[in-house]
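Structure first, then comments.
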Amino acid sequence: MHDSSDVTTRTSTVDEWTRALAGTNGSPGGGAGAGVMLAIAASLMSMVAGYSERADGQSERRAGGESSDLSELRARAHSLREDALRLADEDSAASSAFGAAYRLEKGPERDAAVRAASVDAARASSILGRRASEAVDDLELLALHGNPALIADVVVALGALRAAITGARTNVSFDLAAVSRAGESPEQVREENPEVWSSVTLFDQARDRIDAITAAVDDRAAPTDHE
């Protein structure tokens, strides 16, 4: 049995990591889960890009007209997978600090600790969500121009990416609200953390795009639904 503090996305098996997630320690928690979902999306993107590169042997073109070689897309997906796992572990550390702050006795020291931990947790989720949002363009390219035999894998990647962004959005909102509950007004929280605050709108936009992409390929991904 591993202590949850020793469990990481890079050194633990899937069984060990999910066992820790299922525990009551809170680290890893939902934010780290969002990171793992992002890693799953990135891994599927890399796989689809690899098969698409084999099938075409040529560069694809983004909607904006910029040339995008599939090998470069695959390299970005590989980098995203590594970043996602790192961010998942960083979120676990932020969750530990968050929990430790709430376990302090009520008073000014606890309030200060909660504020600091909440801001750190919100920033960690914001970074993860922004990294996830950057992947929407590449995933859209694969959905529209990737190897059609792997469209189901693309849809799974879309779902995983959406889950990662939704998790980041919710955690950012919750953690910033925790700062307010610890004694700061919402206006003050927004002024002190403008980039983190604005990320919620960015994540909403990214989710809308994912939903539109998923709907656009649904007739190819699940044709039996339309018989």
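Every position in the sequence shown, counted from 1, becomes a number in this note's numbering once 2 is added. Beta carbons: idealized from backbone N, C-alpha and C, even for Gly.
- If you check the CB distance, A34 and D91 come in under 9 angstroms.
- For G161, the closest C-alpha among the options L89, I215, T11 is that of I215.
- The alpha-carbon of D221 is positioned some 20 angstroms away from that of V138.
- Taking 9 angstroms as the cut-off, the beta carbon of G169 is found no closer than this to the beta carbon of G28.
- Ranked by Cα distance from M39, the first of L144, T11, D213, A96 is T11.
- The Cβ-Cβ distance between V202 and L46 does not fall below 9 angstroms.
- By the neighbour-count definition (other C-beta atoms within 10 Å, threshold 16), P30 is a buried residue.
- If you draw a 10 Å sphere on the C-beta of A24, you find fewer than 16 other C-beta atoms in it, and that means exposed.
- Burial check for R105: the Cβ neighbour count within 10 Å stays below 16, so the residue is exposed.
- A41 and L87 do touch by the CB rule: their CB atoms are close to 5 angstroms apart, below 8 angstroms.
- In the DSSP assignment, P188 falls within the unbroken alpha helix (DSSP H) covering 188-194.
- Following the DSSP letters along the chain, one finds N173 inside the alpha helix (DSSP H) bounded by residues 153-183.
- Annotation for V121: V181, N195 place their beta carbon closer than 7 angstroms to its own, counting only its chain and skipping 5 residues before and after.
- For D139, the enclosing alpha helix (DSSP H) covers residues 138-147.
- Leaving aside the five residues that flank P188 on each side, the residues in its chain whose CB is nearer than 7 angstroms to its CB run, in chain order, S182.
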